[in-house]
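A.B. asks: Would you mind keeping the following structure in view while I ask a few things?
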Amino acid sequence: MDYNKFFADKINELKTEGRYRVFADIERQAGKFPRAKAHINGELRDITVWCSNDYMGMGQNPDAIKAMVDIATGYGVGAGGTRNISGTTHQHVLLERELAELHHTEAALSFGSGWIANLTALSTIGSLVPNLVIISDSKNHNSMIEGIRHSRAEKHIFKHNDLEDLESILKSIEPARPKMIAFESVYSMDGDIAPMKEICDLADKYNAMTFLDEVHAVGLYGEHGAGVAERDGLMDRITIIQGTMAKAYGVVGGYIAGTADMCDFVRSYGSGFIFSTSTPPAVAAACRANIKYLKEHNEHRIKHQERAAALKQRFKDAGLPVMDSQSHIVPLLVGDPVLCKQASDELMTRHNIYVQPINYPTVERGTERLRFTPSPLHDDKLMDELIAALKEVWSRLGLKAAA
Ligand SMILES: *Cc1c(COP(=O)(O)O)cnc(C)c1O
125 MDYNKFFADK INELKTEGRY RVFADIERQA GKFPRAKAHI NGELRDITVW
175 CSNDYMGMGQ NPDAIKAMVD IATGYGVGAG GTRNISGTTH QHVLLERELA
225 ELHHTEAALS FGSGWIANLT ALSTIGSLVP NLVIISDSKN HNSMIEGIRH
275 SRAEKHIFKH NDLEDLESIL KSIEPARPKM IAFESVYSMD GDIAPMKEIC
325 DLADKYNAMT FLDEVHAVGL YGEHGAGVAE RDGLMDRITI IQGTMAKAYG
375 VVGGYIAGTA DMCDFVRSYG SGFIFSTSTP PAVAAACRAN IKYLKEHNEH
425 RIKHQERAAA LKQRFKDAGL PVMDSQSHIV PLLVGDPVLC KQASDELMTR
475 HNIYVQPINY PTVERGTERL RFTPSPLHDD KLMDELIAAL KEVWSRLGLK
525 AAA
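The sequence shown begins at 125 in my numbering and counts up by one.
Below, the structure is given as structure tokens:
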């Protein structure tokens, strides 16, 4: 077999379909978010970033930068081992304490990423709880799907946010069997939010655990940023909360929170935790600085919601096909992979506006979109520039207007 030809052919398939991914080569600039620089055709240009998951601009928070620099200077740059073998520094201990406090849980356990946190927690619990059935929302993130698959537990998929379908599955499972409902709070591509109270009610009724991915909600919802569960007063009803420090908290790393025994169980049995080097202590310190900061600054959350509402309204007023969203995520429908990528390219090359095209398999075919994530720092002037650029691109490419 010509191995390299195989690789090249597979890449060409993606190119033909118009969903080959090209990275934007950017330089973030502390203090100037959402402005950045981008290397475009050999030039270094000033751009505005409209698609960052650093939802609050916390990647440039001076408290976190100082924490990272101080701890790197004091401890050096790496952790030096897995958590078991010399890689548990005091910064990790403090971070996990902070996370448990945030979620009002007995304990928390941190990981190198949110992806690994989901994979490890779900695969460990799913493979070791005897006879467990996992009932999973159809739009759950890849990391949850992989964790469930890896666990080899029996799995049922319920229609996205559909309580009737969820209940009919729960009803069909033998009552004595252990069960877990796995879902997210804010779904990151459509921006809709799970009916969390009703899901918790069903979990109680059928004696199921709840596994909740709050990756796109921590730092952003609730009086202290503990997520939609905090906003809706449901924190004590979630068995396992999973989150990340890579999105609203602006750094990197994932975690789970829950009872001390549950966290200790995953700590003691989860390969993805045991066999991987812990994050640098400076990273743990920066995460903690931002968690603390956002806990105490609810005004940023209020502003964040105001900016998202303003952008949705402006899209509507401009006749642009903004998709329904109940959250801070603002998707604009294109509905074609080639045009979606072309729109994104034109925004960047002609207007210095960066928004990544979102194509299959991240979203279903025919729902290709541009996904905007306005932060508290995207002011009216930046929105004016964006709307003007979008109007031009929409008319130049003949894209569909709002229905
Ligand atoms: C991004 C994401 C993750 C993974 O988190 P990382 O910290 O980026 O690895 C998990 N769940 C959802 C829903 C996500 O969007």
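Heads up, the beta-carbon is just placed ideally off N, CA and C, and yes, glycines get one too.
(1) Measuring CA to CA, which of G343, A467, E137 and Y199 is closest to V375?
(2) Let's test the definition: count the other Cβ atoms within 10 Å of the Cβ of L138 and tell me whether it reaches 16, buried, or not, exposed.
(3) Any heavy atom of ligand 1 inside 7 Å of the beta-carbon of N136?
(4) Within 10 angstroms of its Cβ, does L168 collect 16 or more other Cβ (buried), or is it exposed?
(5) Quick one: grab the DSSP three-state call for F439.
(6) Take S499 as the anchor and find which of G357, A434, E470 and K524 has the nearest alpha-carbon.
(7) Considering only residues of the segment 146-219, which uninterrupted alpha helix (DSSP H) runs meet the minimum length of 4 residues and lie entirely inside it, listed in chain order?
(8) Per the DSSP calculation, K303 is bridged to which residue(s)?
(9) Could you have a look at K505 and say whether DSSP puts it in helix, strand or coil?
(10) Exposed or buried, I171, counting other C-beta atoms within 10 Å across all chains shown (16 or more means buried)?
(11) Report yes or no: do the segment 410-423 and the segment 256-266 share at least 3 C-beta pairs separated by less than 8 Å?
(12) Using a threshold of 7 Å, is the CB atom of D337 nearer than that to any non-hydrogen atom of ligand 1?
(13) At what residue ranges does the segment 233-286 contain a whole run of the beta strand (DSSP E), taking only runs of 3 or more?
(14) Could you tell me whether the segment 222-240 touches the segment 372-391, where touching means 3 or more Cβ pairs closer than 8 Å?
(15) Between N128 and Y330, what straight-line distance do the alpha-carbon atoms span, to the nearest angstrom?
(16) Apart from the five residues just before and just after I317, which ones in its own chain have a Cβ nearer than 7 Å to its Cβ?
(17) Roughly how many angstroms separate the alpha carbons of R276 and S395, rounded to a whole number?
(18) Between the segment 183-197 and the segment 295-308, do at least 3 Cβ pairs fall closer than 8 Å?
(19) Return yes when at least one heavy atom of ligand 1 lies under 7 Å from the C-beta of A370, else no.
(20) Use the C-beta contact count for F131: other C-beta atoms within 10 angstroms, 16 or more gives buried, fewer gives exposed.
(21) In this structure, how does DSSP classify L418 when only helix, strand and coil are distinguished?
(22) Taking the beta carbon of D149 as the centre, do at least 16 other beta carbons fall within 10 Å, making it buried, or is it exposed?
(23) How would you call I426, buried or exposed, if buried means at least 16 neighbouring beta carbons within 10 angstroms?
(24) Would a C-beta distance cut-off of 8 Å place M507 and A372 closer than the cut-off?
(25) How would you label D178, buried or exposed, when you count the other beta carbons within 10 angstroms and need 16 or more for buried?
(26) Give me the Cα-Cα distance between E141 and L463, rounded to the nearest whole angstrom.
(27) Compare the C-beta of L252 against all C-beta atoms of chain C and say whether one is closer than 8 Å.
(28) Thinking C-alpha only, which one of S468, G490, T497 and D503 is nearest R520?
(29) Does the distance from the CB of G271 to the CB of L243 come in under 8 Å?
(30) In this structure, what does DSSP give as the bridge partners for Y478?
(31) Count the C-beta pairs between the segment 198-215 and the segment 388-408 that are closer than 8 Å, then say yes if the count reaches three, no if not.
(32) Evaluate contact between the segment 353-360 and the segment 211-223, counting only Cβ atoms and requiring at least three cross-stretch pairs below 8 Å.
C.D. replies: With the given structure in hand:
(1) The residue with the shortest Cα to Cα distance from V375 is G343.
(2) An exposed status is given to L138, since fewer than 16 other beta-carbon atoms sit within 10 Å of its beta-carbon.
(3) Because no heavy atom of ligand 1 lies under 7 Å away, the Cβ of N136 does not count as near it: no.
(4) Exposed is the label assigned to L168, since fewer than 16 other Cβ atoms lie within 10 Å of its Cβ.
(5) Helix.
(6) Selected option, being the one with the closest Cα: A434.
(7) As far as the segment 146-219 is concerned, its whole alpha helix (DSSP H) runs of at least 4 residues are 186-199.
(8) Residue pairing by DSSP places K303 opposite V257 and A332 in a beta bridge.
(9) If DSSP states are grouped into helix, strand and coil, K505 belongs with the helices.
(10) The residue is buried, with at least 16 neighbouring Cβ atoms inside 10 Å.
(11) Contact check between the segment 410-423 and the segment 256-266: fewer than three CB pairs, one atom from each, fall below 8 Å, which does not count as touching.
(12) For D337, the Cβ falls inside the 7 Å cut-off from some heavy atom of ligand 1.
(13) Runs of the beta strand (DSSP E) spanning 3 or more residues and lying entirely within the segment 233-286 occur at 257-261 and 278-282, in chain order.
(14) Touching, yes.
(15) Annotation: N128 to Y330 spans about 52 Å, alpha carbon to alpha carbon.
(16) Only S309, V310, V352, Q450 and S451 meet the Cβ criterion.
(17) Roughly 15 Å between the two C-alpha positions.
(18) No, they do not touch.
(19) Within the chosen limit of 7 Å, ligand 1 reaches the beta carbon of A370 through at least one heavy atom.
(20) So F131 ends up on the exposed side.
(21) Helix.
(22) Per the 10 Å Cβ criterion, exposed.
(23) Its Cβ having fewer than 16 others within 10 Å, I426 is exposed.
(24) No; because the gap between Cβ atoms is not below 8 Å, this pair is not in contact.
(25) Sixteen is the threshold: when 16 or more other Cβ atoms of the shown chains lie within 10 Å of the Cβ of D178, as they do, the residue is buried.
(26) Answer to the nearest angstrom: the Cα atoms are 11 Å apart.
(27) This model lacks chain C altogether, as it is built from one protein chain only.
(28) Comparing alpha carbon positions, the residue from S468, G490, T497 and D503 closest to R520 is S468.
(29) Yes, Cβ-Cβ distance for G271 and L243 is below 8 Å.
(30) Under DSSP, the beta-bridge partners assigned to Y478 are V173.
(31) Touching, yes.
(32) Contact check between the segment 353-360 and the segment 211-223: fewer than three CB pairs, one atom from each, fall below 8 Å, which does not count as touching.
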